[in-house]
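Here the structure comes first, spelled out in structure tokens, and everything after it is commentary.
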Ligand code: ADP
Ligand code: ASP
Ligand code: MG
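Numbering (the working numbering), first residue to last: -11 to 397.
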């Protein structure tokens, strides 16, 4: 007996039938004698539909009002799930994020959780109730409603598990676990029995949408073992923990990828010590996130700085650079969109030199040009043309033997 946090994503609560299925899963845990807290997402694609509604009214909707709108999605699900549980004869109560004591910074659209006051939830658990909490939302200390970024319900669940000192946190989704790569794109993707926090964090940050990166960060910081598993099937999922019990001696454990990448090059910059810091502090001040950075000096003693960004940030990036042209003293800007980032991740890389070289060789063999590279101890990322993204993932998946991974049944 203990406290269990269960999280169900959009597809898992996408219809009345599925909400009833979720209610059954929750009841099974309650019947084992556990205290159960359930975190849910908005039904199906309803968050996307709300975004679409806003875009029909404004090309750049107010971020505050956007949070006001998007948090309604989760509010629909919590009430319906609580009703389903009540209907089955179980005591249940639903809470919005702020009612559940989730405090965030006042940053609309991508707020970080700053504090959780779990007293309200604890009181209801003590009274024997199943507590249903809206994912993806909180409120600032000035009572502004905020959201945690797309996919943020995972983070709500893990943060609550930490605050409640829960014994278990299960993330129920529409796949049976964390795979070697996204099974929707690569047929040979294999489910992993276990993966370490660090590897999962890299994969999540590099585009593997199965878990919100900040959820993994929380789990690592508070040492909460997570299990990612299917809400439809009963098989065991993937355990994410400190030292994953690896049956297989894999150097690369997973491949992540994302499209909508743009490379921006700023040419003819003065070759000065402060050039890098001036450019990137200017972009950072305007909230623009830059990923891979490459700097080189040209024969005329000028500097070129190239960096990758999300394609959606291109317009803002160019406009900020143009506004600051006189202080940055560059000659011109070039950009290339339609790119993708493909990354291999695995903690075995630390002790195995030559993994990056092998990745480049595999890509070169398929005549896929690598335009940018970045590495850390446990990952290698390459920026390539978007049209080659899925092929690259596929061939790297085979080259690093990921199709041979076998999961326990
Ligand atoms: P939920 O609504 O339950 O939060 P998401 O759509 O956010 O579900 O995450 C599940 C999806 O993540 C899967 O359907 C799959 O397409 C995608 N995905 C990406 N990378 C991986 C991976 N390595 N393993 C499993 N699923 C992945
Ligand atoms: N409903 C939100 C989204 O679609 C949060 C989540 O599902 O985790 O991004
Ligand atoms: Mg998700």
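For every residue, glycine included, the Cβ atom is placed at its ideal position computed from N, Cα and C.
All values reported here derive from a predicted model rather than from experimental measurement.
Proximal residues to residue i (C-beta, below 7 Å), its chain only, five neighbours per side dropped
{"i": "residue 201", "result": "189, 192, 193"}
{"i": "residue 179", "result": "164, 165, 167, 226, 395"}
{"i": "residue 391", "result": "176, 178, 385"}
{"i": "residue 42", "result": "49, 54, 57"}
{"i": "residue 267", "result": "254, 293, 316"}
{"i": "residue 221", "result": "164"}
{"i": "residue -11", "result": "21, 22"}
{"i": "residue 151", "result": "104, 106"}
8 Å contact criterion, which residue i and residue j should meet: CB distance rounded
{"i": "residue 148", "j": "residue 104", "result": "7 Å"}
{"i": "residue 412", "j": "residue 185", "result": "Since the first residue shown for the chain is -11 and the last is 397, residue 412 is missing from the structure and cannot be characterised."}
{"i": "residue 125", "j": "residue 59", "result": "4 Å"}
{"i": "residue 308", "j": "residue 270", "result": "6 Å"}
{"i": "residue 331", "j": "residue 366", "result": "Residue 331 to residue 366, Cβ: 10 Å. No contact."}
{"i": "residue 372", "j": "residue 381", "result": "Residue 372 to residue 381, Cβ: 10 Å. No contact."}
{"i": "residue 252", "j": "residue 299", "result": "Their Cβ separation, rounded to whole angstroms, is 10 Å, which puts residue 252 and residue 299 out of contact at 8 Å."}
{"i": "residue 276", "j": "residue 297", "result": "7 Å"}
{"i": "residue 343", "j": "residue 183", "result": "In fact, because the Cβ distance is near 17 Å, the residues do not count as touching under 8 Å."}
{"i": "residue 38", "j": "residue 2", "result": "Not quite, the Cβ-Cβ distance comes to about 15 Å (not below 8 Å), so this is no contact."}
{"i": "residue 161", "j": "residue 0", "result": "6 Å"}
Distance cut-off 7 Å: residue i Cβ against heavy atoms of the ligand ADP
{"i": "residue 201", "result": "no"}
{"i": "residue 405", "result": "Residue numbering for the chain in the displayed model covers -11 to 397; residue 405 lies beyond these limits and cannot be assessed."}
{"i": "residue 169", "result": "yes"}
{"i": "residue 224", "result": "no"}
{"i": "residue 198", "result": "yes"}
{"i": "residue 334", "result": "no"}
{"i": "residue 191", "result": "yes"}
Other residues of its chain near residue i: CB distance less than 6 Å, five sequence neighbours each side excluded
{"i": "residue 73", "result": "11, 80, 118"}
{"i": "residue 223", "result": "164"}
{"i": "residue 85", "result": "122, 125, 126"}
Bridge partners - residue i, DSSP secondary structure assignment
{"i": "residue 332", "result": "243, 368"}
{"i": "residue 295", "result": "252, 281"}
{"i": "residue 158", "result": "-6, 215"}
{"i": "residue 173", "result": "The partner list for residue 173 (beta bridge, DSSP) is empty, contrary to what the question assumes."}
{"i": "residue 327", "result": "249, 373"}
{"i": "residue 360", "result": "371"}
Own chain residues within Cβ distance below 8 Å of residue i, not counting five before or after
{"i": "residue 112", "result": "81, 119"}
{"i": "residue 306", "result": "252, 321, 323"}
Proximity test, residue i beta-carbon vs the ligand ASP heavy atom, cut-off 7 Å
{"i": "residue 158", "result": "no"}
{"i": "residue 172", "result": "no"}
The ligand MG heavy atom lying under 7 Å from the CB of residue i
{"i": "residue 36", "result": "no"}
{"i": "residue 142", "result": "yes"}
{"i": "residue -3", "result": "yes"}
{"i": "residue 195", "result": "no"}
Mind pulling the beta strand (DSSP E) runs of 3 or more residues that sit fully within the region 177 to 217? 182 to 184
I'd like the ranges of any alpha helix (DSSP H) spanning at least 4 consecutive residues and lying wholly in the region 58 to 132. 107 to 114
Runs of alpha helix (DSSP H) wholly within the region -5 to 52 (minimum 4 residues, chain order): 4 to 19, 34 to 45
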